[in-house]
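**Student:** Sharing a structure with you now.
Number of protein chains: 2
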Amino acid sequence: MSFIDQLQEIVGSNGLLLGEEVSARPNASKGRGSCPAKAIVRPANTEELSAVMKLCHANDQPVVTHGGLTGTVDGITCAEGDVVVSLERMRSIQRVDAEAGVMVVEAGVVLENAQAAAKEAGWQLAVDFGARGSAQIGGMISTNAGGNSVVRYGMTREQVLGLEVVLADGTVISSMNEMLKNNTGYDLKHWFIGAEGTLGIVTRAVLRLRPQPKSVQTAFVALDSYDKVVTLLRRLGSDFEGKLSAYEVMWNNHYRLMVETLDKHQAFLPVDYPYYVLLEQESGHESKGEEHFMEVLSAVMEEELVTDAVIAQTSQQAAQLWEMRDDVGSIARHFKPLAAFDISMPLSEMEAYVERVTDTMADKLPEVGLVAFGHLGDGNLHILAGPAHEHRAIEEVVYGELVKIGGAVSAEHGIGLEKKDFLSYSRSEQEIALMKTIKQSLDPKQLLNPGKIFS
Amino acid sequence: MSFIDQLQEIVGSNGLLLGEEVSARPNASKGRGSCPAKAIVRPANTEELSAVMKLCHANDQPVVTHGGLTGTVDGITCAEGDVVVSLERMRSIQRVDAEAGVMVVEAGVVLENAQAAAKEAGWQLAVDFGARGSAQIGGMISTNAGGNSVVRYGMTREQVLGLEVVLADGTVISSMNEMLKNNTGYDLKHWFIGAEGTLGIVTRAVLRLRPQPKSVQTAFVALDSYDKVVTLLRRLGSDFEGKLSAYEVMWNNHYRLMVETLDKHQAFLPVDYPYYVLLEQESGHESKGEEHFMEVLSAVMEEELVTDAVIAQTSQQAAQLWEMRDDVGSIARHFKPLAAFDISMPLSEMEAYVERVTDTMADKLPEVGLVAFGHLGDGNLHILAGPAHEHRAIEEVVYGELVKIGGAVSAEHGIGLEKKDFLSYSRSEQEIALMKTIKQSLDPKQLLNPGKIFS
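Chains A and B, in that order, are what the protein sequence lines are. Each residue of the first sequence is one higher than the last, beginning at 11 in the working numbering. Each residue of the second sequence is one higher than the last, beginning at 11 in the working numbering.
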């Protein structure tokens, strides 16, 4: 029986896509043309996937796993002859335990659906980002996704209690722990979270849920120095008692671009302050949350830590502020072609870093403009630059300055193929060698998502 | 040059203990006699330890790492001929960054000293447990220690941002990340946290600090059913807005033993309720914290979720309540010899589990008494039983019922030698095989802490 026939026997005809059904699909989230795989296998459950991997392993068949195709670092691009495994048929929310605040989901569940199921049970799944309508839980875990809730709840890793994965040889590791505390030997789930599908294929997960907030307060404030931006972050971290749920900083160039140059968004504050912060508190109370929020903001204004401020009076106003913050699309059109960076560094380095990148860019690539903003609460900086006709030269500037201060070339997006050349900017030779040792021990035939992260 | 001379050359005479200086030390925290190692090596820094490990690796020399010797599962017991590495000379707090809220410490720093340094900088290190005056950071990380702050801040793992380890062959992996977000390849630190010194020796760490609370509220409440215990936990998790910092449940048998049978502690509440909870809120405010705490408690009493309650009016009263909760010594003397268990399970299973263990024990070992209590906020149950003349038979009852409900034989203490026989009660054959694969790839000569966790 041919390899394809054997695949078909495992997953049935509904589980296997061939020929035009394969090439009709994209090869990656970044538009690298149509999918060149020899087949797309869509297992219905873990057992089928295990059998598929046993077959692929016996045949030295490379496998790339597809989730919602919303990654940004070429993390799932495949080569001709690869087999794609798609988790799209494993989309069952198996259980929501409203007492314990945990949910058990298959890897193909779309984030938005998992969020909705948690909400219905009176909880929240504290991972959220723009691609929520397509991104799948398996991809979210495999990339240790960040997003909008990190400052309060941490990355995806901190929402995962248990995991089931299929290894390269088809072995099923079912480590579906539901307890907050479990020190029985190595905590295997951490090996697979953020490994970008190179060590195993996530099939199911136990997710930790968090209490739903009862009210949300939003403000947009201006500050006259970077030091004050850092001081305010620390102050709110303490005064909001752990309820600070967003601390999004915009450098002047970002805000000015959005409300003046592009004239796309309402100028809630004058455009000549050096720094702006969109900040948010999630409260467990309706009225008291707002009262407390106002008190803290009044205090920091009185102390001149904050120079100017606007408090969102309605959820619509809050939405307008967030739309401005999230409108990467307008920037992408303005800077076309765009070079986008997702990096992190110690907060104490960030002000000088942005200055150096701006100066070096002006010096070496004077035609390239840039704006800076980020989830500062997490040390995460985004730089958008363009026109990026010389993408590599821009990377050299941005990452070249980063390596000097021990920053990370990826804060939340991962490495994939896109940042592979720059992994050594953030990780030592010994660290990368150790990653390879582990890869070799778990996937000695190098079948899982080949070539991603490192070669 | 002899092996010992070579060691001496690396660490100097102050760095090497031999003969009586070795046998004067205990072999473990549980009194297994004197240390039978051929030498205790006390490197002054990472480079010395790296050289020591290169030498040991070349000589196939097994190595056991000692921290503060406060573990409870025979995790560092060594055999004759082993070399002990003690981190006791690496006790420098290298840096506290009061802006970012991170500290960089060597592994030999005693927890209490790290806590004090964090406090001095206006922050808290959110790991705390009874052995704080002896336990060292390296051991705390290698066992992923739990303790009193887990319900709010998570285990030790969640306080570690970066790590430096020395591998079995002497390779130094310096992964001293200081950022909250860093998705640049595999997050290596997680492989070593909780690995009980079997994969590498922790030499330095970057720890995440948390804001200091400004006030603490403590109450001791009685509830008339287990369902209400779980409902109250969820309610406070939401109403305290993430500031619930302790939720310690005592079964009736535990409270009654402490205040009636032993007559050791003041009876703040009558002894005939089925469940008691010692609960605590850490607040970022002086007065408001208390006001809010009282409001929430009044509401849950009005709704008859809580039947009876006493609020600590002074910090001395709070301390008395905690002394009762923490007075394991009195129980140990009462049950002498004592069998102590640290287990976890889904909250929905816990009531029936304790009943089954109580019944089975009465049936099989009628002379054995027991009490149940735990960090219920974390799903962590402690059972103390005795007289434990038949330790193994008691273990069979406690773990035998646990395996049926997918519980963990170790919630926070680890496996060591003590629980090794029971690892398979909580982890599957495939999981254990994967642990061994990883051990084999990182320490193929099986030199690091041999025989711990699994054989």
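All C-beta atoms, glycine included, are put in the ideal place defined by N, C-alpha and C. The structure presented is a predicted model; accordingly, all values stated were derived computationally and were not measured.
Output yes or no for whether 8 Å exceeds the beta carbon distance between A/A145 and A/G77.
**Tutor:** yes
**Student:** In the DSSP assignment, find the unbroken alpha helix (DSSP H) run with B/L433 in it and report its ends.
**Tutor:** 433-436
**Student:** DSSP three-state label for A/H399, please.
**Tutor:** Coil at A/H399, not helix or strand.
**Student:** In chain A, what lies closer than 7 Å to B/N390 by C-beta?
**Tutor:** K191
**Student:** For A/T80, count neighbouring Cβ atoms within 10 angstroms of its own Cβ and tell me buried if that reaches 16, exposed if not.
**Tutor:** buried
**Student:** For B/E174, which beta-bridge partners are listed by DSSP?
**Tutor:** Paired residue(s): B/S184, B/R214.
**Student:** If you reduce the DSSP assignment to three classes, tell me which class B/Y265 lands in.
**Tutor:** B/Y265 sits in a helix when the DSSP states are folded into three classes.
**Student:** From what residue to what residue does the beta strand (DSSP E) around B/Y285 run?
**Tutor:** For B/Y285, the uninterrupted beta strand (DSSP E) segment begins and ends at 285-293.
**Student:** Where does the unbroken beta strand (DSSP E) through A/A49 begin, and where does it stop?
**Tutor:** 49-51
**Student:** Determine the chain A residues that contact B/Q440 at a beta-carbon separation under 8 Å, and present them in chain order.
**Tutor:** Near B/Q440 (Cβ distances below 8 Å), the residues of chain A are T181, V182, I183, S184.
**Student:** Please list, in chain order, the chain B residues whose beta carbon lies closer than 8 Å to that of A/E313.
**Tutor:** By Cβ distance, chain B contributes nothing, its closest Cβ being about 17 Å from A/E313, past 8 Å.
**Student:** By the criterion of Cβ-Cβ separation under 7 Å, what are the contact partners of B/H423 in chain A?
**Tutor:** In chain order, N193 make up the part of chain A whose C-beta sits under 7 Å from the C-beta of B/H423.
**Student:** Does any CB atom of chain A fall closer than 8 Å to the CB of B/T56?
**Tutor:** It does not; no Cβ of chain A falls within 8 Å.
**Student:** Under 8 Å: do the stretch 197-213 of chain B and the stretch 242-258 of chain B share three or more Cβ pairs, one atom per stretch?
**Tutor:** no
**Student:** Could you please give the first and the last residue of the uninterrupted beta strand (DSSP E) stretch that includes A/A232?
**Tutor:** 225-233
**Student:** Return the first residue and the last residue of the alpha helix (DSSP H) that B/T241 is part of.
**Tutor:** That run of the alpha helix (DSSP H) goes 236-249.
**Student:** Looking at chain B, is there any beta carbon in it that lies within less than 8 Å of the beta carbon of A/D197?
**Tutor:** yes
**Student:** Is it buried or exposed for B/G29, if we count other Cβ within 10 angstroms and need 16 for buried?
**Tutor:** With fewer than 16 other Cβ atoms within 10 Å, it is exposed.
**Student:** By alpha-carbon positions, which one of A/E411, A/T368, A/L357 ends up nearest to B/K191?
**Tutor:** A/L357
**Student:** What is the DSSP secondary structure of B/L357, counted as helix, strand or coil?
**Tutor:** In this structure, B/L357 counts as helix in the three-state DSSP scheme.
**Student:** List the residues of chain A whose Cβ lies closer than 8 Å to the Cβ of B/W201, in chain order.
**Tutor:** Taking a Cβ-Cβ threshold of 8 Å, the residues of chain A close to B/W201 are Y196, H200, W201, I448, in chain order.
**Student:** If we count the other Cβ atoms within 10 Å of its Cβ and call it buried at 16 or more, is B/M304 buried or exposed?
**Tutor:** Exposed: under 16 other Cβ atoms inside 10 Å.
**Student:** Could you tell me which of B/V62, B/E270, B/S325, B/S308 sits nearest to B/I341, measuring between CA atoms?
**Tutor:** B/E270
**Student:** Mind reading off the beta-carbon distance from A/M100 to A/E116? Whole number of angstroms is fine, and I expect it under 8 Å.
**Tutor:** 4 Å
**Student:** Does the beta carbon of B/M445 come closer than 8 Å to any beta carbon on chain A?
**Tutor:** yes
**Student:** B/V226 and B/I151 - do their beta-carbons sit closer together than 8 Å?
**Tutor:** no
**Student:** What residues of chain A sit near B/N154, judged by a beta carbon separation below 8 Å?
**Tutor:** Near B/N154 (Cβ distances below 8 Å), the residues of chain A are N193, D197.
**Student:** My assumption, with CB atoms under 8 Å, is that B/V83 sits in contact with B/G426. Please give the rounded CB distance.
**Tutor:** 3 Å
**Student:** Going by DSSP, what residue range makes up the alpha helix (DSSP H) through B/I147?
**Tutor:** Note, B/I147: alpha helix (DSSP H), 147-152.
**Student:** In whole angstroms, what separates the C-alpha of A/R343 from that of A/A398?
**Tutor:** 12 Å
**Student:** Please list, in chain order, all residues of the same chain as A/I147 whose beta carbon is under 7 Å from its beta carbon, the five residues on each side excluded.
**Tutor:** Within the same chain, and ignoring the five residues on either side of A/I147 in sequence, the residues whose Cβ sits closer than 7 Å to its Cβ are V115, A117, V119, L121, A124, A215.
**Student:** State yes or no: is the C-beta of B/E313 within less than 8 Å of the C-beta of B/K224?
**Tutor:** Contact: no.
**Student:** For the alpha helix (DSSP H) containing B/S325, list its first residue and its last residue.
**Tutor:** 325-336
**Student:** If we ignore side chains and look at the alpha-carbon of each, how far apart do A/Q291 and B/V239 end up?
**Tutor:** Between A/Q291 and B/V239, the C-alpha separation is close to 29 Å.
**Student:** So, do the stretch 181-189 of chain A and the stretch 455-464 of chain A have three or more beta carbon pairs nearer to each other than 8 Å?
**Tutor:** no
**Student:** Are the CB atoms of A/L217 and A/M113 within a distance shorter than 8 Å?
**Tutor:** yes
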